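J.:
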Amino acid sequence: MIKIFEGAMGTSLQVMGIADQPCPEYASVKYPDEVMNIHKAYVDVGADILECNTFGANPLKLAQFGLADATEKINIAGVTAARRAAKKGVEIAGNIGPSGRLIAPLGDLNFDEACESYARQIKALAGAGVDYILFETIIDLQEMRAGVLAAKAICNLPIICQLTYDAMGRTVTGTDPSTAAAVLEPLGASIIGMNCSLGPEQLLPLVKELALSTTLPISVQPNAGLPFIKGGKTYFPLTPEEMGYWAPKLVEAGATILGGCCGTTPAHIKAIREAVNKMNPIARTILPTGVRLASRSKSIWLGKGHPTVLIGERINPSGRKAMAAEIKTGNLTAVKREALVQVEAGAGVLDINMGVPGMEQKKLMGHVVGELAMLVNVPFSIDSVEPEVLEAGLRAFAGRALINSVSDKAGVKEKVFALAKKYGAAILVLPLGEKGLPKTTGERIAIAGKLIAEGKRAGLKDNDFMLDPLVLTVASDGQAPSETLNTLREYGNVFGYPTTMGLSNVSFGLPGREDINAAFYALALASGLNAPIINPCNAKIRMMTEVTNVLLGFDNQGVNYSKNYVAAKTIPAAAVTDEDVLGALAGAVMGGEKERAAHLTLQAFAEGHSPREITAEALVKGMNLIGDDFGAGRTFLPQVMLAAEAMKSAFDALKTKINVEDLPCLGKVVLATVKGDVHDLGKNIVGALLSNSGFNVVDLGKDVDPDVILAAAEKEKPDIVGLCALMTTTLGAMEETIKLLQQKTTTTIMVGGAVLTQEYAREIKADLYAADGVQAVKLAKKVIEQ
Amino acid sequence: MTTVGQINLFNPILNNIDRTETKRYAGMGRSIHFPEAIVSEACSIVMLEKHIKTVWTLYEYDCTLGCISGDYKIVSKGLLKHLNGSKQVILMAATVGDSVEIASKKYFEQGEYALGLLIDAAATAAVEQAANALCAMLTAQFINQGITLTARFSPGYGDWSLEEQEKIAPLAHINAIGVNLTNAKMLIPRKSITAVVGLQTVGGKDSKTGCGQCTQKDCIMRRIK
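Chains A and B, in that order, give the protein sequences.
Counting in our numbering, the first sequence runs from 1 upward without gaps.
Counting in our numbering, the second sequence runs from 1001 upward without gaps.
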């Protein structure tokens, strides 16, 4: 039978004018009979589960109204009002909404503080005798995790987890229904669902998606459509009949509990009740086998029948002194770079090990996991031998992580199993006994079997385990790899769980390790390896992964493989003959080919071309041509800058052969961004173009005082002073500078910058106005010619 | 329900930097002959160096007087028109921090001009993405109340003078995300923005925004030539 929730509470309180005294939840204290009557109206039309008027009754939210101290009183009053309205068989759900703040690092709320706030509300609700703990309208998965952890710590009541999705099918912080299921089901939710924001029609595809992703019952509470305001009043467009039309479709999509959110009334609930009265929950599709991991916004499957997943191993400071030293100074740049690079290279999961000697690993792990989750969207494997370090990572990770790892070590394994259960994490079983390394497949199977049984006694399920066959070095035991491969096969036969292993150990002590690793990787994949812990940036590993994905049928007809293969091919550069070296050099400058420009410059010099010839007939010619293209809109600023880079590279090459003084100098320019203006990119662009066109540039920097510019003009005696201003607010400083320069010097003043125009330049009496860097070079050359 | 005047912090997740917008901010248009590897590198550097933060505050708005929170009287005709029909507004600020700027300068000084230029452009794309993420979050939050958000409108846009930054910055609580205002009314870190959005009832007017409405016709980032 399909169960029915009650409809909107807040909308009804608003209609009665008691929603803002000072908050909707306080109506249960101030107007208990009115609240009871709202519930009763829903009971009368057939609601099976009432939702207490406690949506915003967590101390964090109540604090906004100065009511945090009344948390217990408000929650108990909410439960009492619902209980008074309920007849026999009607159940009560303690309703819990968002805290109103986002958890760090998305916002400023501490995770522990969120847990404590929810715990206080849940304690009051459970104490008052609710039948369910119902989280609804939650927009961030991490906040839902905090709530569920709090609920599990306080009571054994069934937990309903309803997130709010937008029209794109994601929560505001990026979670889709399938990912929500991957995280919340193992975390301990009893029912998963969605409410608010969208109407039933928009929620229908999301219910279908959820039904394919969870074995749990699904609850749905749509709005009565999207609201609009008319004459100061809020209206919801969907009629009870329309709601009744969609209700059976939601059941057919997989929903087992229906209700209504904003804008729904007893008439809507009545229509839903009648529409699904004779319906039963549908038989749902069986989920794939394997282990599912998830980040906040993405979930992946590992195991037989799923593509190989690479677990990136490089975020591990053990044996990497530079990374460890950087982490010690509080700098996470190297760690972040490894995360980005590995994901870019195809890592589906990132292993995170923070074993930095002398650092407090617990704090570090929590911090790094939080930071990396803001950067990449793959699930994490939390790697440590210390249970408290594992816990810090699991707590901070807004997803379902893999614990790396548990072995048969008494006193530790119990804690690790408990952590996996508490945080809904998957766990990697390492068949290491107290007696050392088990050599045979039989021994490894026995230890793994023992650990799995213990994990299951701690509450873990089949889809929580991954297995490591142990990789030993072939150089010290020639049979070790065979035993590993055999263990992989036997794992498949005996347990059927996904497998993983760090395979590079195999080649330790031998030359050509990459080749050995690649060959072993291929053999391991054939023996049932699903998710190697590996360096995904290694070219051979990447190639092997792409090839085996084709051969194992995960890349249909090799489409991806072919695409990547073509993309990786490079076209060799054409050879340059003696006759056209200057022309080729001009072309290299225009094309921004730095290495080629340097090479051709040296070639031209060796062939007897003078520096003046090389500069005039190749380098400046190339820059002039690209300048013309820029002026005509055929090319763009970054290409001009690339050409300047090639020019610089050519000049640098030339300087290795001749004295700098022998290079032709067109003239001297003093450059500055005016007082008050902190922009210097535009000025730097002009400087780079001028200096690479043969000018001697003295750059005074940004935010430069008029007196400093004058002093430089008097000292350097430049042909031109170039002034730059990027904002309207600093044009005054430019005018002041020009006035001062013209009083004391006769130098030519050129101005430019985003907000300047020819008219304004004339108005402030500048000699020249350059609309862009290319024009600045042209004008500077003209000044010199005159 | 959001409390008027309350400072709200939100640090959006950015899993990538928009390459197309990066190229546009670098003034590249639809250029075809440019090494994509440099664009990728610039985006990666900004991914590493960004420290994204946003802050927002809800205020009452008197549409007839053009007055925000009884404190700030709007003089820009464009903004008055943009907010027409709003009873509340949100003032917001977003930043990517100053590390991106240091990186851009570093590469420029090393002679990698194009990379320096593109890092600057990618940082601009990042701060815009951050502000868009904040607006998306706010849209989702207010839609249930029958309220939609107008597009963002920032000081310096159209006829809303940059000088007004001085009055808007404190109302947007820029200090809460580590942003400061210089004497010349510039935000530091430089890759920061302030903006206002109006809260309007669903089915209200559809205000026009975008390059077509802007008075700065020579802007290199202009989408409509």
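Each residue gets a CB set at the ideal place from its N, CA and C atoms; glycine is no exception.
The structure displayed is predicted, hence computed values, not measured ones.
Just to confirm, is the Cβ distance from L1171(B) to L1091(B) under 8 Å?
T.: Cβ distance < 8 Å, so L1171(B) and L1091(B) count as in contact.
J.: Using the beta-carbon of each residue, which ones in chain B are nearer than 9 Å to Q639(A)?
T.: The answer, in chain order, is M1028, S1031, H1033, F1034 and A1114.
J.: Looking at the structure shown, is M16(A) part of a helix, part of a strand, or coil, going by DSSP?
T.: Three-state result, M16(A): helix.
J.: What are the boundary residues of the beta strand (DSSP E) that R292(A) is part of?
T.: Here the beta strand (DSSP E) through R292(A) covers V291 to A294.
J.: Taking the beta carbon of A573(A) as the centre, do at least 16 other beta carbons fall within 10 Å, making it buried, or is it exposed?
T.: Low confidence applies here, because A573(A) scores a pLDDT of 48, under 50, leaving its location unreliable and the question unanswered by this model.
J.: Classify Q639(A): buried if its beta carbon has 16 or more other beta carbons within 10 angstroms, exposed otherwise.
T.: Q639(A) is buried by the Cβ-count criterion.
J.: With DSSP run on the structure shown, which of helix, strand or coil describes M1092(B)?
T.: Strand.
J.: Jot down the residue ranges of each uninterrupted beta strand (DSSP E) in the region 1039-1069 of chain B, minimum 3 residues, whole runs only, in chain order.
T.: Qualifying beta strand (DSSP E) stretches, in chain order: 1053-1062.
J.: Under DSSP, the alpha helix (DSSP H) around A182(A) begins and ends at which residues?
T.: Start and end: P177 to L187.
J.: Contact check, T71(A) vs R120(A) under 8 Å by CB: the rounded distance?
T.: That belief holds up - the Cβ atoms of T71(A) and R120(A) are roughly 6 Å apart, short of 8 Å.
J.: Please list, in chain order, the residues of the region 1171-1194 of chain B that have any C-beta partner in chain A closer than 8 Å.
T.: Flagged, chain order: T1182, N1183, A1184, K1185, M1186, I1188 and R1190.
J.: Quick check on DSSP: helix, strand or coil for L102(A)?
T.: Residue state, collapsed to three classes: coil.
J.: Comparing alpha-carbon positions, which option in L212(A), Y165(A), P186(A) and T214(A) lies nearest Q221(A)?
T.: Ranking L212(A), Y165(A), P186(A) and T214(A) by Cα distance to Q221(A) puts Y165(A) first.
J.: Could you list which residues in chain B have their beta carbon closer than 8 Å to that of N486(A), in chain order?
T.: Here the premise fails: no neighbours, minimum Cβ distance about 40 Å.
J.: Mind checking Y42(A): buried by the 16 CB within 10 Å criterion, or exposed?
T.: Its Cβ being crowded by 16 or more others within 10 Å, Y42(A) is buried.
J.: Roughly how many angstroms separate the alpha carbons of L552(A) and L302(A), rounded to a whole number?
T.: One C-alpha to the other measures close to 15 Å.
J.: Taking C-beta to C-beta, are I192(A) and Y132(A) nearer than 8 Å?
T.: In this structure, Y132(A) does not lie closer than 8 Å to I192(A) by Cβ.
J.: What would DSSP say about K435(A), mapped onto helix, strand or coil?
T.: The answer is coil: DSSP assigns K435(A) none of H, G, I, E or B.
J.: Please list, in chain order, the residues of the region 705-730 of chain A that have any C-beta partner in chain B closer than 8 Å.
T.: Answer in chain order: M727, T728, T729 and T730.
J.: Take every Cβ of the region 1013-1020 of chain B, pair it with every Cβ of the region 111-129 of chain A, and state whether three or more of those distances are shorter than 8 Å.
T.: Contact between the region 1013-1020 of chain B and the region 111-129 of chain A is absent, because fewer than three Cβ pairs lie under 8 Å.
J.: What did DSSP end up calling I122(A) once you bin it into helix, strand or coil?
T.: Note: I122(A) maps to helix in three-state DSSP.
J.: Does T570(A) come out as helix, strand or coil in the three-state DSSP assignment?
T.: Confidence is the limiting factor: at T570(A) the pLDDT is only 49, short of 50, which leaves the residue's position unreliable and the question unanswerable from this model.
J.: If contact means a Cβ-Cβ distance below 7 Å, which residues of the region 97-120 of chain A contact chain B?
T.: Answer in chain order: L102, P105, L106, G107 and D108.
J.: My output table needs one value for D112(A): the three-state DSSP class, helix, strand or coil.
T.: D112(A): helix per DSSP, three-state reduction.
J.: List the residues of chain B that T234(A) touches, going by C-beta distances under 8 Å, in chain order.
T.: Simply Q1145 and G1146.
J.: Suppose contacts are defined by Cβ-Cβ distances below 8 Å. Is I533(A) in contact with D351(A) by that definition?
T.: Contact: yes.
J.: Could you tell me whether the Cβ atoms of P158(A) and A81(A) are closer together than 8 Å?
T.: It is not a contact, given that the beta carbons lie outside the stated cut-off.
J.: So within the region 547-629 of chain A, which uninterrupted beta strand (DSSP E) runs reach at least 3 residues, ignoring any that extend past its ends?
T.: None, since the region 547-629 of chain A contains no complete beta strand (DSSP E) of that length.
J.: Which ranges would you report for the beta strand (DSSP E) in the region 23-65 of chain A if only whole runs of at least 3 residues count?
T.: Correct list: 49-51.
J.: Apart from the five residues just before and just after I709(A), which ones in its own chain have a Cβ nearer than 6 Å to its Cβ?
T.: The answer, listed in chain order, is A672 and T737.
J.: Residues in the region 368-401 of chain A with C-beta within 8 Å of chain B's C-beta atoms, listed in sequence order?
T.: Per Cβ criterion, the list reads A373, M374, L375, V376 and N377.
J.: Grab me the residues of G244(A)'s own chain with a C-beta within less than 7 Å of its C-beta, minus the 5 sequence neighbours each way, in chain order.
T.: Here the set comprises A271, I272, E274 and A275.
J.: Near M1(A), which residues of its chain fall below 6 Å by C-beta distance, leaving aside the five closest residues on each side in sequence?
T.: Hits under 6 Å: none found.
J.: Once you ignore the five residues that flank R612(A) on each side, which residues in its own chain have a CB closer than 6 Å to its CB?
T.: Result list for R612(A): P664, in chain order.
J.: Taking the beta strand (DSSP E) that D699(A) falls in, what are its first and last residues?
T.: Counting along the chain, the beta strand (DSSP E) containing D699(A) begins and ends at F695 to D699.
J.: Checking the sheet assignment: what are the DSSP bridge partners for F380(A)?
T.: L350(A), per the DSSP bridge assignment.
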